[in-house]
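Trainee: Numbering (this note's numbering), first residue to last: 86 to 237.
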C-alpha cells in the first residue's frame with residue numbers, strides 16, 4: 086500500500102530565494118522536528134544526484150534515511166526519492182514553487198509514502214499522521230523560510 090500527503094503554503098519571499106532555501110536539505114531541521122541531523126553528499130551545491138543523509142525520529146524510533154535529488158529545475162521544481170529501505174519510505178516527494186505577486190511564492194510539498202515488509206501494515210498510520218500534520222508542516226516551512234530569508 087502507498088499513498089500521498091501534501092500541503093500548500095504561500096511564503097512572503099521571492100521564488101528564487103525560497104527555491105535555494107528548500108533545495109538545501111540541510112535546512113530541513115528548521116521546519117521538520119523529526120529530522121535530528123542531516124548532511125549533504127557531496128558537500129557542494131545541490132544538484133541532481135545529490136544525496137541527503139539524515140537521522141530522523143519517527144514514532145519514538147531513530148532511523149537513518151537517505152534521499153537522492155532526482156529533479157532540480159530552478160526555481161520551480163525539486164524532486165527526491167528515498168533510497169533507504171526502512172519499513173515506511175518516501176518513494177517520491179518534492180516541492181513545486183510558483184512565483185506570485187509582491188515577491189511571494191506558493192509552495193506545494195508532497196510525499197508518496199510506501200510500506201515495505203511490516204511497513205505495509207504501518208503505512209496507513211504514517212499517512213494518517215502525515216495528512217493530519219500537513220497544514221502544520223506547511224506553516225512550519227513558511228515560518229522557517231521567512232525567518233531564514235531576509236525580506237526585500
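For each residue, glycine too, the CB sits at the ideal point set by N, CA and C.
On the criterion of 16 or more Cβ atoms from any shown chain inside 10 Å, does residue 186 qualify as buried, or is it exposed?
Mentor: exposed
Trainee: Whose C-alpha, out of 204, 178 and 171, is nearest the C-alpha of residue 110?
Mentor: The shortest C-alpha separation from residue 110 is found at 178.
Trainee: Could you round the C-beta distance between residue 219 and residue 91 to whole angstroms and report it? I think they count as a contact, below 8 Å.
Mentor: Right, their Cβ atoms sit about 6 Å apart.
Trainee: Quick check on residue 223: buried or exposed, where buried means 16 or more other Cβ atoms within 10 Å of its Cβ?
Mentor: Of the residues assessed, residue 223 falls on the buried side of the cut-off, its CB having 16 or more other CB atoms within 10 angstroms.
Trainee: Residue 221: buried (16+ other C-beta within 10 angstroms of its C-beta) or exposed?
Mentor: Exposed: under 16 other Cβ atoms inside 10 Å.
Trainee: In whole angstroms, give me the CA-to-CA distance for residue 196 and residue 237.
Mentor: 31 Å
Trainee: Exposed or buried, which one is residue 99 when buried takes at least 16 other CB atoms within 10 Å?
Mentor: Buried.
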